[in-house]
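Accompanying notes for the structure given below.
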Amino acid sequence: MAGTLMTGATIWAGPTCTPQPGWLLVTGDRITATGAHDTPPPPADTMIDVAGCHILPGFVDTHLHATVVGWQTLGVDGSAWTSLPAALAAIGAAAAADPHAPWLLVWNARPFRWPQRRLPTAAELDAVAPGRQILVSGVDVHRGTVSSQAMRALGITTRRAQDGDVSLDRRGRPTGEIWEQAYGEALARALASAPGDPVALTRRALDRCVSLGITHAHEAYVPPQHHERMLGLAAPASPRLSWAVGAGEGLLSPLEGPSVAPDGDYGASGREAKLFLDGGDRCAVCMPARALGRLTWQAVKETVAARHPGPLRDAMRRRTSVQGRTLRLEYLRYSDRELADLLSAYLSAGLRPRMHALGNLAVRQAATALRAVGAPAGAAVIDHLVLLDPAAVDLVAASGAWATVQPGFLTTFGPQIVDGGTDRFLTVVGGRSLLDAGVPLTLASDHPAGPLDPLGNLRLAVRRPIQPAQALTPSEAVRALTVTAAASLGAPGAGGLAAGETADLAICDGDPFDPATRVTQTWISGRRVWPAAATG
């Protein structure tokens, strides 16, 4: 039988992704046969000895933001800053080093790790970089801050948004801090004005995906006006590329219905629409009322440890209410009726809804709305589900929705959740709870909010630093990042490494759960795409 035969490896075989020593035969763009190590392999045109390696199905990242990641290479990285003064000093130095840039874009700031617990104000940015247009983005890409010059250019004072999306001082003037819809629309405007080729920057991000074994990247938000650009990026199919369409104004703006969604293909998956039910740091959560005392005490302890009022001030400004025996953080972006109407409209138009629901209150709303409109099983995706309770898990299971979680959040945002005490009352990235309830579970990165590395995310899903009882088994984790992820998109790969399936492969130089292991080859449709084959 003609083809390429790979021998000596551990094959994570079939739809169950069960590891077994053996061989794998690829002919054209398909896997034509697999076998155990004691089964004689068939003859082939090409033999590849991959002794000691592990062959996994290609990784399918069902939620990332490659169109944002590319721009980060042109900006200032704030991930290592440990305080507000350190951030301001670095921003001032960057402004001085590039005095003529029309925009100074700062990325990956993590104010929840700073004693001050806040981003700079416009006045503080003006002091270190007078007259400059500056946008500082938090790592979650849900909040930011802008300088006074940027506020004037972007029209922050008149920008439409929900109450609280533009922070105001005691006199009712914008401080420069912006959240959710206001931040998303400011980011869109800033990137439209910033120098750089968006196609080349996105291609660079997609090339990095391929080098990590990602054979299918699903962009979680694309404005309708960029749909044609995405079609061009999808043409090489390296990696396979698909996307969800969102509001034209910005990443976090409310959708108005399917009339603005482009017709035709959305790359390598079906038509999809993105809805944000809650925010990032401002996620919609409900807990027992007794949690209020515990969370307040945790904030006091953090304030004492930090020797700064930031943690307590941050806790006190949250939008909380107590209703009977329930504490609620009131950050839902839609009413129940608005959401149900939108879901009904998108489902009727043949678009799969993908709903950002980080807190358990938002997860409950998503699952309840799907049942209310009679959505068929598998017709929608609920993303993130970072904070869960048993009632939310049961509702998701009853809704028939796919669930996508990000193990990388355990390291990016886990310490913030633990420091605040929320993990005492809610399940954090509850993969085990969801799987045990029968929810079809996929893993993703949400890069840049979470780490892109698929192997690192697999390891975090299995060896968790928080709530270890929520861990997955190795095969469960691999399935969730490969075959189940592909199935959730209706894309190639849902059958895993089995005869007749598309030959999308990630070849590792050892056990994928060994921290020293790396991806050494990526194959898409039977062709090695990384490292690129030598020519000439």
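The letter at position 288 of the sequence shown is residue 279 when you use this note's numbering, and the numbering goes up by one with no holes. Positions of the beta carbon are idealized from the N, C-alpha and C atoms, including for glycine.
For this session: Using DSSP bridges, identify the partner residues of I147.
Result: Counting from 1 along the sequence shown, the entry for residue 147 is found at position 156. For I147, which the question treats as bridged, DSSP gives no partner whatsoever.
Exercise. Which ranges does the alpha helix (DSSP H) cover as unbroken runs of at least 4 residues, wholly within the region 418 to 453, from first to last along the chain?
Worked result: 422 to 427 and 445 to 453
For this session: Identify which residue in F504, S516, A86 and C499 has its Cα closest to the Cα of S202.
Result: Residue numbering aside, residue 202 sits at position 211 when the sequence shown is read from its first letter. Minimum Cα distance to S202 is reached at C499.
For this session: Give the DSSP-derived three-state secondary structure of P406 in the structure shown.
Result: On the sequence shown, position 415 is the one that residue 406 refers to. Helix at P406.
Exercise. Can you list, in chain order, the residues of its chain whose CB lies under 7 Å from that of D385, leaving out five sequence neighbours each side?
Worked result: Position 394 of the sequence shown, counted from the first residue, corresponds to residue 385. Excluding sequence neighbours, D385 sits near A428.
Problem set entry | D288 - DSSP class collapsed to helix/strand/coil | Position 297 of the sequence shown holds residue 288. The amino acid occupying residue 288 in the given sequence is Trp; Asp does not appear at that position. Of the three classes helix, strand and coil, the one that applies to W288 here is helix, per DSSP.
For this session: May I ask you to report which of helix, strand or coil DSSP gives W72?
Result: For the purposes of this step, residue 72 is identified with residue 81 of the sequence shown, where counting begins at 1. In this structure, W72 counts as coil in the three-state DSSP scheme.
Exercise. Does the distance from the C-beta atom of A566 to that of A490 stay below 7 Å?
Worked result: The requested residue 566 does not occur in the structure, where the chain is confined to residues -8 to 527.
Exercise. What three-state label does DSSP hand C8 in the structure shown?
Worked result: Reading the sequence shown from its first residue, position 17 is the one you call residue 8. Reduced to three states, the DSSP call for C8 is coil.
Problem set entry | Cβ pair count under 8 Å reaching 3, the region 439 to 450 against the region 51 to 71 | yes
Problem set entry | Among W105, F103 and L95, nearest to A141 - alpha-carbon criterion | Here the question's residue 141 lines up with position 150 in the sequence shown. It is L95 whose Cα lies nearest to the Cα of A141.
Exercise. Leaving out five residues before and five after G261 in sequence, what residues of the same chain have Cβ atoms less than 7 Å from its Cβ?
Worked result: The residue labelled residue 261 in the question sits at position 270 within the sequence shown. Excluding positions up to five away in sequence, the list reads R343 and G481.
Problem set entry | Rounded separation between D40 and G517 - CA only | For the purposes of this step, residue 40 is taken as the residue at position 49 of the sequence shown. For the purposes of this step, residue 517 is taken as the residue at position 526 of the sequence shown. D40 and G517: Cα-Cα distance of roughly 16 Å.
Problem set entry | Y325 to H54 span [Cα, whole Å] | The residue given as residue 325 occupies position 334 in the sequence shown. The residue given as residue 54 occupies position 63 in the sequence shown. Taking the straight line from one Cα to the other gives about 22 Å.
Exercise. Can you pull the DSSP bridge partners for Y257?
Worked result: Counted from its first residue, the sequence shown places residue 257 at position 266. DSSP lists S260 as partners of Y257.
Exercise. Under the three-state reduction of DSSP, which class applies to H56: helix, strand or coil?
Worked result: Residue 56 sits at position 65 when you count from the first residue of the sequence shown. Coil, per DSSP.
Problem set entry | CA-to-CA distance, I373 to T526, given in whole angstroms | The residue labelled residue 526 in the question sits at position 535 within the sequence shown. The residue labelled residue 373 in the question sits at position 382 within the sequence shown. Because T526 carries a pLDDT of 45, less than 50, the predicted location of this residue cannot be relied on, and the following value inherits that uncertainty. Their backbone Cα atoms lie some 44 Å apart in a straight line.
Problem set entry | Neighbourhood of L243 by C-beta, 6 Å cutoff - its chain only, sequence neighbours within 5 removed | In the sequence shown, counting from the first residue as 1, residue 243 sits at position 252. Within the same chain, L243 has close Cβ partners E171, Q172, G175 and F267.
Exercise. Which whole-angstrom value describes the C-beta separation of A235 and K265, a residue pair presumed to lie in contact below a C-beta threshold of 8 Å?
Worked result: The residue given as residue 235 occupies position 244 in the sequence shown. The residue given as residue 265 occupies position 274 in the sequence shown. With a Cβ gap of about 4 Å, A235 and K265 count as contacting.
Problem set entry | Local Cβ density within 10 Å of W514, reported as buried at 16 or more and exposed below that | Here residue 514 corresponds to residue number 523 of the sequence shown, with the count starting at 1. With 16 or more Cβ atoms within 10 Å of its Cβ, W514 is classed as buried.
For this session: Count the C-beta pairs between the region 288 to 299 and the region 100 to 118 that are closer than 8 Å, then say yes if the count reaches three, no if not.
Result: yes
Exercise. So, using beta-carbon positions, are A(-7) and G13 closer together than 7 Å?
Worked result: Locating residue -7 in the sequence shown gives position 2, counting from the first residue. Locating residue 13 in the sequence shown gives position 22, counting from the first residue. Contact: no.
For this session: Answer with buried or exposed for G405, where buried requires no fewer than 16 other C-beta atoms within 10 angstroms of its C-beta.
Result: By one-based count along the sequence shown, residue 405 stands at place 414. Buried, since its Cβ has 16 or more Cβ neighbours within 10 Å.
For this session: Go ahead and pull the three-state DSSP assignment for V474.
Result: As a first step, residue 474 is located in the sequence shown; it is residue number 483 there, counting from the start. Residue state, collapsed to three classes: helix.
Exercise. L361 lies in the alpha helix (DSSP H); which residues open and close that run?
Worked result: As a position in the sequence shown, residue 361 is number 370, starting the count at 1. From DSSP, the alpha helix (DSSP H) with L361 extends over N351 to A363.
Problem set entry | the region 493 to 512 in contact with the region 204 to 212 per 3-pair CB rule at 8 Å | yes
Exercise. What residue range is occupied by the uninterrupted beta strand (DSSP E) comprising V127?
Worked result: Against the sequence shown, residue 127 aligns to sequence position 136. Unbroken beta strand (DSSP E) run through V127: I125 to G129.
For this session: Can you tell me which of the three DSSP states W566 falls into?
Result: Outside the displayed range of the chain (-8 to 527) lies residue 566, so it cannot be described from this structure.
For this session: Assign M278 to buried or exposed, taking buried as 16 or more other Cβ atoms, counted over all protein chains shown, within 10 Å of its Cβ.
Result: On the sequence shown, position 287 is the one that residue 278 refers to. Buried is the call here.
Exercise. Roughly how many whole angstroms lie between the Cα atoms of G447 and A389?
Worked result: Translated into the one-based positions of the sequence shown, residue 447 becomes position 456. Translated into the one-based positions of the sequence shown, residue 389 becomes position 398. So the alpha carbons of these two residues sit roughly 31 Å apart.
Exercise. Looking only at its own chain, which residues have a Cβ that is under 7 Å from the Cβ of P253, when we skip the five neighbours before and after it?
Worked result: Start at 1 with the first residue of the sequence shown, and residue 253 comes out as number 262. Excluding residues within five positions, the ones whose Cβ falls inside 7 Å are P215, H218 and V236.
Problem set entry | Contact set for D29: own chain, Cβ-Cβ below 8 Å, skip 5 residues either direction | Numbered from its first residue, the sequence shown carries residue 29 at position 38. Taken in chain order, the list of residues that qualify is empty.
For this session: Have a look at V137, S335 and T112 and flag the residue whose alpha-carbon is nearest the alpha-carbon of L75.
Result: Locating residue 75 in the sequence shown gives position 84, where the first residue counts as 1. Measuring from the Cα of L75, the nearest candidate turns out to be T112.
For this session: Decide if W72 is buried, meaning its Cβ has at least 16 other Cβ atoms within 10 Å, or exposed.
Result: Position 81 of the sequence shown, counted from the start, is the residue given in the question as residue 72. Buried.
Problem set entry | 6 Å CB neighbourhood of S128 in its chain, flanking five on each side removed | For the purposes of this step, residue 128 is taken as residue 137 along the sequence shown, with counting starting at 1. The answer, listed in chain order, is W98 and G135.
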